Each structure stands twice: as C-alpha cells, then as structure tokens.
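When you line the sequence shown up against this note's numbering, it's residues -15 to 231, in that order. The beta-carbon is built from N, C-alpha and C at its ideal position, and this holds for glycine as well. As the structure is a computational prediction, the values presented were derived from the model and not from experiment. Okay, structure first, notes after.
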Amino acid sequence: MRFLVLSDIHSNGTALDAVLVAAKGRWEKAVCLGDVVGYGPDPNEVIARVREVATVFVRGNHDKAVSRPASGDDLNPLAKAAVDWTRAQLRPEYLKFLEDLPPGPVTADSIALVHGAYNDEDEYVFSPAQALSGLLEASLPVTFFGHTHFQGGFSYRGDRLEVIQLKVHPGAGFAALRIEAGTRYLLNPGSIGQPRDGDARAAFAIADIDHGVVEFWRVPYDIAAVQERMKKVGLPEPLVLRIAFGR
Ligand code: ZN
C-alpha cells in the first residue's frame, strides 16, 4: 500500500492543489494528520477537496479550536484571530465535519496517525526527548505525526534514538528514507499550507511501507496568490508574511 500523507494544510488551497498534482498516480490511500483549517484563506475549498481525497483523518488543534470554541483558549492571538475568522466562514456541514474528526492515534493499515505527540494531540514533538515515549508506545513500527510543521522525524532501534533530517534540493521533488525492519519511526511529512522549517515549499510524504521507502516531498506553489487572498479577507499581516519565508 502506498500512502499519501497530508498534514497541516491550514486552509491553503493553492498549496494543496500543487501537492495533489505532484502526487498524482503515486499513491493508493490518502490520510490526513489534522489542521485542515486555520491561518489560510480557503477553509471551505480545502475541506471540500481533502474530503474527496483522504479516507482516514485525525483532528488537529486548529480543527478542534474552530469546531469547539472553548478548546482554543490557549492559542496565540494571531492563531486565535484566524480560528475565529475561519469559524465565521465555514459552511455548517464543514463545521460538523471538523467537530466529528477523531483524536489520534488512529491506524490506517500498516501506519499509525497522530497530530501532535503520540498520546497528546496538543503537544509538540521537536526533540528526541519528546519523541521517545511515542516511539516506545506506538502500536505500529511507523507512526506519522504533524503539528510542528517541520519535515523529518526520529527513529529508534535497540537503545539508539536518531534524528532524521532531510534536505529536498530545489527541483529534486523528494528525498527518500529507507525503512528498516526492527526499527521504530516517528515521521513528520511537514506542513502543506504553512511550513516552518525554513523551506517555503509545500511539504508532504508518500509512504510505501511494504517496500520500505518513505519519500519526503517539497513542491513550490504560488505563494503570492495565497497572500493576496489573505490580505483581501483581512487575515493578520504576520500570517500573510510568514508563508513566504517558511517560518
Ligand atoms: Zn498546524
């Protein structure tokens, strides 16, 4: 089974379209690690599109904050402003879709899916120390997570925990990681709609666990077009600026 792994789309329809074009014909089942909405200008369009494509979802903290307002109190003021704007735009059926999304962990055949840490959807996994419990507790050897918007991850074998850092060179499309038997992985496909690892291109992954390969992809998209739409609807200026830097 070849999985298309989508995460942190954050209402960026242009980035999602670029990802689906690049991934066309390369996957059999699409999964989504949450944060479908928040930050970007296209919440209704993105939900409509991702529901056509993905069959397994976990919810993200922004999905939760939009559909369950009391849960968004710990968001920073900019994120909160985007959450409130998103809630006001959404069609009722899409608000219900977000409300019904399950928290992780969820399994999809041979992979496990979470939004943040393995047992806490709101916790960020940036460091090996933060990754360790998930690597040990996950029900399957390969777990995908999102939330940090950093592409890469962690592996654990014997008593060695290693950080997986990848560099997708301009024009290369993807960097491949070989999945070894007997090793456990916590892998982040990166963010489609708001990367923060210093590379502004949309990020996603294609995982072929049967053949032991995960491809970490980056694709360019029309960032200026998204910034124009964000300005037009009055989303906060810092959110408009940051997508150009991937920070
Ligand atoms: Zn996110």
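Exposed unless 16 or more other CB atoms sit within 10 angstroms - verdict on residue i
{"i": "S111", "result": "exposed"}
{"i": "N45", "result": "buried"}
{"i": "H131", "result": "buried"}
{"i": "A156", "result": "exposed"}
{"i": "T70", "result": "buried"}
{"i": "G142", "result": "exposed"}
{"i": "R168", "result": "buried"}
{"i": "L223", "result": "buried"}
Where residue i falls: helix, strand or coil (DSSP)
{"i": "E199", "result": "strand"}
{"i": "D57", "result": "coil"}
{"i": "S51", "result": "helix"}
{"i": "R33", "result": "helix"}
{"i": "A65", "result": "helix"}
Beta carbon of residue i nearer than 7 Å to that of residue j
{"i": "A189", "j": "V198", "result": "yes"}
{"i": "L136", "j": "N172", "result": "Leu is not the amino acid found at residue 136; the sequence shown has Gly there. Result yes, Cβ atoms of G136 and N172 sit closer than 7 Å."}
8 Å CB neighbourhood of residue i in its chain, flanking five on each side removed
{"i": "L79", "result": "V50, S51, R71"}
{"i": "E121", "result": "Y102, N103"}
Cβ-based neighbour list, residue i, same chain, cut-off 6 Å, excluding 5 preceding and 5 following
{"i": "D26", "result": "S(-5), G(-3)"}
{"i": "A92", "result": "V15, V40"}
Nonlocal neighbours in the same chain, by C-beta distance under 7 Å from residue i, ignoring five residues either side
{"i": "A184", "result": "I207, I227, A228, F229, G230"}
{"i": "V203", "result": "A2, V3, A6, R185, A186"}
Cutoff 7 Å: residue i Cβ touching any chain B Cβ
{"i": "V224", "result": "Of the protein chains in this structure there is only one, and it is not chain B."}
**Message:** For the region 90 to 102 against the region 65 to 75, do three or more pairs of beta-carbon atoms, one drawn from each stretch, fall closer than 8 Å, so that the two count as touching?
**Reply:** no
**Prompt:** Is the region 207 to 217 close to the region 140 to 157, with three or more CB pairs under 8 Å?
**Reply:** no
**Message:** Taking 8 Å as the cut-off, does the region 24 to 38 touch the region 54 to 61 (at least 3 CB pairs, one atom from each stretch)?
**Reply:** no
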